[in-house]
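Student:
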Amino acid sequence: MLAAVLRNTGDNDLEVTDTIQVNDPGPDDVIVKIYSTGVCHSDVSQ
């Protein structure tokens, strides 16, 4: 699965990878399907 992973808050190191493990949801988990998203160009240039 393709993912953008931010491991720590306040950390500017964004890892883009296509090799993440996705586990089956547990009884206290929620599945959220995202259809689209946006990124502001000023956020990318920081």
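Numbering of the sequence shown is given in our numbering, commencing with residue 43 and proceeding in unit increments. Glycine is no exception: its CB is placed at the ideal position from the N, C-alpha and C atoms. Computed from a predicted structure; not experimentally measured.
Does DSSP put V86 in a helix, in a strand, or in coil?
Tutor: helix
Student: Roughly how many angstroms separate the alpha carbons of V64 and G52, rounded to a whole number?
Tutor: Those two C-alpha atoms are separated by around 24 Å.
Student: From the DSSP output, in three-state form, read off T59 for me.
Tutor: Here T59 carries a strand assignment [DSSP, helix/strand/coil].
Student: Have a look at D55 and L48 and give me their C-alpha separation to the nearest angstrom.
Tutor: 7 Å
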